[in-house]
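A.B. asks: Shown below is the structure under consideration.
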Amino acid sequence: MRIATWNVNSVRSRIDRVEAFLERNDIDVLALQETKAVPDQIPTMNLEIAGYEVAAVGYDQWNGVALVSRVGIEDIKVGFPGMPEFNGKAEARALGAVCGGVGIWSLYVPNGRKPDDPHYAYKLEWLAALKAASSEWHGTPTALVGDWNVCPFDEDCFDPSQFKNSTHLTQPERDAFFAIEADYRDVVRPHVPGPEKYTYFDYYRQRFERNRGLRIDFVLGSPTFAERVTGAFVDLEERDPAKFAGAPSDHAPVVVDLAD
DNA sequence: ATGGTTGTAGCACAA
Numbered sequence: 001m002r003i004a005t006w007n008v009n010s011v012r013s014r015i016d017r018v019e020a021f022l023e024r025n026d027i028d029v030l031a032l033q034e035t036k037a038v039p040d041q042i043p044t045m046n047l048e049i050a051g052y053e054v055a056a057v058g059y060d061q062w063n064g065v066a067l068v069s070r071v072g073i074e075d076i077k078v079g080f081p082g083m084p085e086f087n088g089k090a091e092a093r094a095l096g097a098v099c100g101g102v103g104i105w106s107l108y109v110p111n112g113r114k115p116d117d118p119h120y121a122y123k124l125e126w127l128a129a130l131k132a133a134s135s136e137w138h139g140t141p142t143a144l145v146g147d148w149n150v151c152p153f154d155e156d157c158f159d160p161s162q163f164k165n166s167t168h169l170t171q172p173e174r175d176a177f178f179a180i181e182a183d184y185r186d187v188v189r190p191h192v193p194g195p196e197k198y199t200y201f202d203y204y205r206q207r208f209e210r211n212r213g214l215r216i217d218f219v220l221g222s223p224t225f226a227e228r229v230t231g232a233f234v235d236l237e238e239r240d241p242a243k244f245a246g247a248p249s250d251h252a253p254v255v256v257d258l259a260d
């Protein structure tokens with residue numbers, strides 16, 4: 001089984017590329033983040049023709065996550081137990097389901113904006129709640145996949161000195177990520193040590209062309225998931241502005257292969 | 001520090 005995660009930065013503006021990506025890489029399950037769509041807005045006709053089912057959640061134009069699967073979508077969960085809201089407003093940042101016998105959570109961790117912004121505290125609170133909830137599932141084959149908006153190590157950032165007053169590299173964010181890694185393993189890092197390790201490139205300043213990116217999209221596997229992983233890669237072709245018509249997402253998909 | 005580029009319910013704001 002082949003599983004992928006991709007912050008698509010609007011599924012409506014890139015539905016053709018989603019379909020092409022699924023076909024090009026022979027994907028069984030795709031977790032999407034930043035769909036920027038409510039479920040009714042997600043065009044599924046061609047996906048249905050190709051045999052994929054879609055589960056999605058979205059309340060407004062900013063967030064939204066989805067799962068696309070051709071190996072079934074069962075036991076769908078919108079949000080995880082204890083998932084915090086921001087200012088009392090529910091946000092579409094987590095969707096779980098069982099696909100092909102494996103629990104997959106599509107996660108869009110809050111960005112945090114700036115260290116002194118309320119969204120930063122919300123991000124830490126959100127990750128702590130995910131730690132608590134996910135520890136309940138780690139005995140089953142489960143993957144926590146998505147855009148984590150955290151660089152766990154300096155080597156995951158093209159230039160840490162540029163992030164002194166920014167989010168993503170702060171110790172509290174890293175500690176929150178590492179707490180979850182106590183139960184789950186990064187199953188991609190061993191297969192993608194570098195230099196093709198970055199999953200996000202800012203649209204500005206030709207960051208992709210200069211390979212100046214961040215590794216912030218992760219597949220964390222429970223022990224019984226991780227032991228089945230046979231390979232992984234970052235699909236940098238999908239992020240390459242020169243490869244396809246139209247603007248790419250600012251994130252590249254991450255692909256993981258699982259033994260049966 | 002600033003700027004640069006995408007996306008959306010856009011002519012402001014989030015990333």
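Residue numbers (the UniProt record's numbering): 1 to 260. Where is the CB? At the ideal position from N, CA and C, for every residue including glycine.
Using the Cα positions of A252 and V65, report the straight-line distance between them to the nearest angstrom.
C.D. replies: Spanning the two alpha carbons is a distance of roughly 16 Å.
A.B. asks: I'd like the list of long-range same chain contacts for A143, defined as Cβ closer than 6 Å, with 5 residues on each side in sequence excluded.
C.D. replies: Contacts found: I104, V219, G221 and F225.
A.B. asks: Tell me which residues share the same chain as E91 and place their Cβ nearer than 6 Å to its Cβ, disregarding the 5 neighbours each side in the sequence.
C.D. replies: The residues are N63.
A.B. asks: Determine, using beta carbons only, whether V229 and V256 come nearer to each other than 7 Å.
C.D. replies: Yes; because the gap between Cβ atoms is below 7 Å, this pair is in contact.
A.B. asks: Does DSSP put W6 in a helix, in a strand, or in coil?
C.D. replies: DSSP places W6 in strand when its eight states are reduced to three.
A.B. asks: Would you please state the rounded distance, in angstroms, between the beta carbons of residue 261 and G146? I believe it to be under 8 Å.
C.D. replies: Residue 261 lies beyond the range of the chain shown here (1 to 260); nothing can be said about it.
A.B. asks: Measure the CB-CB distance between L124 and A176 and report whether it falls below 7 Å.
C.D. replies: Closer than 7 Å, so yes.
A.B. asks: Restricting to runs no shorter than 3 residues, where is the beta strand (DSSP E) found entirely within the segment 22-72?
C.D. replies: Those beta strand (DSSP E) runs which fall completely within the segment 22-72 and span 3+ residues are 29-33, 53-57 and 65-69.
A.B. asks: Once the 5 residues before and after residue 263 are set aside, which same chain residues still bring their CB inside 8 Å of it?
C.D. replies: For residue 263 there is no data in the structure shown, the boundaries of the chain being 1 and 260.
A.B. asks: Could you pull out every residue in the same chain whose Cβ sits closer than 8 Å to the Cβ of A133, ignoring the five residues on either side in sequence?
C.D. replies: Closer than 8 Å at the Cβ level, and outside the excluded window around A133, lie F80, P81, G82 and M83.
A.B. asks: If we count the other Cβ atoms within 10 Å of its Cβ and call it buried at 16 or more, is D260 buried or exposed?
C.D. replies: Counting Cβ neighbours within 10 Å, D260 comes out exposed, since fewer than 16 surround it.
A.B. asks: From the DSSP output, read off the bridge partner residues of T142.
C.D. replies: Answer is G103.
A.B. asks: For K131, count the other beta carbons within 10 Å of its own beta carbon; 16 or more makes it buried, fewer makes it exposed. Which is it?
C.D. replies: Counting Cβ neighbours within 10 Å, K131 comes out buried, since at least 16 surround it.
A.B. asks: Can you give me the Cβ contacts of P120 inside the same chain, cut-off strictly under 7 Å, excluding the 5 residues immediately before and after it?
C.D. replies: As written in the sequence, residue 120 is Tyr, which differs from the Pro given in the question. Excluding residues within five positions, the ones whose Cβ falls inside 7 Å are G112, R113, K114 and T167.
A.B. asks: Taking 7 Å as the threshold (C-beta atoms), are E53 and I73 in contact?
C.D. replies: The answer is yes: Cβ separation under 7 Å.
A.B. asks: Can you give me the start and stop residues for the beta strand (DSSP E) that I216 sits inside?
C.D. replies: No beta strand (DSSP E) contains I216, which DSSP labels as neither H nor E.
A.B. asks: Roughly how many whole angstroms lie between the Cα atoms of A94 and A242?
C.D. replies: The straight-line gap from Cα to Cα measures roughly 32 Å.
A.B. asks: For M45, tell me which candidate among A56, V57, G58 and E19 has the shortest Cα-Cα distance.
C.D. replies: Considering only alpha carbons, the answer is E19.
A.B. asks: Got a sec? Which residues, its chain only, sit under 7 Å from Y122 by beta carbon, not counting five neighbours each side?
C.D. replies: Only P84, F86 and P110 meet the Cβ criterion.
A.B. asks: Using DSSP bridges, identify the partner residues of Y200.
C.D. replies: Answer is L214 and H251, bridged to Y200.
A.B. asks: Starting from A176, trace the alpha helix (DSSP H) in both directions and tell me its first and last residue.
C.D. replies: From DSSP, the alpha helix (DSSP H) with A176 extends over Q171 to E181.
A.B. asks: Which residues does DSSP list as the beta-bridge partners of R185?
C.D. replies: R185 is bridged to G221.
A.B. asks: Could you tell me the boundaries of the alpha helix (DSSP H) in which E209 lies?
C.D. replies: It is not in any alpha helix (DSSP H) - E209 carries neither H nor E in the DSSP assignment.
A.B. asks: Pick from A245, D60, D117 and V68: whose alpha carbon is nearest that of K89?
C.D. replies: Nearest option by C-alpha distance: D60.
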